[in-house]
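Working notes, beginning with the structure itself.
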Amino acid sequence: MSVGTSGMRRWTRSTCLMADMRLVIFDVDGTLVDSEASIVGAMSKTYASSGLAMPARSAIRGAVGLSLRETFDHLSPDATDQQRLDLIEGYKHAYHDAQTSTTDQSADPFFPGARDLLDVLKADPFTILAVATGKSRRGLARLIAAHGLEGYFHTVQTADTHPSKPHPSMIYTILAETGIAPTRAVMVGDTSYDIEMARAAGVRSIAVGWGYHPAEQLNATRVAQDFAGLRADIDDLLGVEA
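To get the numbering used here, take the position in the sequence shown, counting from 1, and add 34.
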């Protein structure tokens, strides 16, 4: 710690005590990035080649956030096990092809205000950022590279190595890897799966009003209707170092 001429404390991350730190865990699809067009497009291509009926767009939106196995269990409950496996592989290829063929490498754009908030939180020496997402690690790595987010997140947990949300495994792992107590953490997400996962892990939650599930129906600790409100909710729940 050093003291400037104003007498205010100036901190670097190395001087912060763990008790002072706060942890903000973000979902990705529907929370930070607007991926609906990419997801629906990949679903359309997948189902067109499968011979199965294409689910309604509302059903697809409702399944965003689940792992792919649970997604297709939800969307095509009458499909055989082999058909579900084919859907999973077909979707992986369709989504990957759509992402890698885009000319600007950013098919899933940030919601307005998302990048600014991430920049502010990353610059705060008392804040640790993490990700808990139903995306694959490969898909998340591509998104991070496309948006220049390398180094923003202390830990990222994906569907590759965890049970599907709302199982709390991702949050448990994030808490263990960061050493942050549940009372100093908050989960930010847009679906019931995010909020139920947070509740199961003993972590408070903020539901965002621009995602795939109606935020007011999620029984989150707070509801944010824009990124300015989200920043205020994070500060209010976890405190701000003066």
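Every residue gets a Cβ at the ideal spot worked out from N, C-alpha and C, and that includes glycine.
As the structure is a prediction and not an experimental result, all values here were calculated from the model.
- The shortest CA-to-CA distance from residue 176 to any of 134, 156 and 200 is the one to 134.
- Take residue 261, set aside five residues on each side of it, and the residues of its chain with a beta-carbon closer than 8 Å to its own are 145, 146, 147, 148, 150 and 151, in chain order.
- If only uninterrupted alpha helix (DSSP H) runs of at least 4 residues are considered, those enclosed by the stretch 195 to 251 are 203 to 212 and 226 to 235.
- For residue 151, no beta strand (DSSP E) encloses it; the enclosing alpha helix (DSSP H) starts and ends at 148 to 157.
- In this structure, residue 212 keeps its C-beta atom at 9 Å or more from the C-beta atom of residue 66.
- Here DSSP, grouped into helix, strand and coil, assigns residue 106 to helix.
- Ranked by Cα distance from residue 263, the options 227, 272, 242 and 84 are led by 242.
- The shortest CA-to-CA distance from residue 157 to any of 173, 185 and 170 is the one to 185.
- Residue range 161 to 166 is occupied by the beta strand (DSSP E) that includes residue 163, with no alpha helix (DSSP H) assigned at that position.
- Put simply, the stretch 86 to 97 does not touch the stretch 194 to 207. Fewer than three CB pairs are less than 8 Å apart.
- The alpha-carbon of residue 102 is positioned some 22 Å away from that of residue 235.
- For residue 80, the number of other beta carbons within 10 angstroms of its own is at least 16, and it is reported as buried.
- Residue pairing by DSSP places residue 256 opposite 240 in a beta bridge.
- Looking only at 117, 111 and 268, the smallest Cα-Cα distance to residue 238 is reached by 268.
- Residue state for residue 142 is assigned as coil, using DSSP reduced to three classes.
- Nearest neighbour of residue 233 by Cα position, chosen from 245, 178, 244 and 219, turns out to be 219.
- With 16 or more other Cβ atoms inside 10 Å of its own Cβ, residue 61 counts as buried.
- If you draw a straight line from the Cα of residue 272 to the Cα of residue 191, it is about 22 Å long.
- Using a Cβ distance threshold of 9 Å, residue 77 and residue 214 do not count as a contacting pair.
- Closest in alpha carbon position to residue 63, among 193, 86, 154 and 85, is 193.
- When C-alpha distances from residue 71 are compared across 258, 170 and 143, the shortest belongs to 143.
- Burial check for residue 110: the Cβ neighbour count within 10 Å reaches 16 or more, so the residue is buried.
- Secondary structure of residue 57 (DSSP, three-state): strand.
- With respect to the C-alpha of residue 217, the residue from 120, 244, 255 and 183 having the closest C-alpha is 255.
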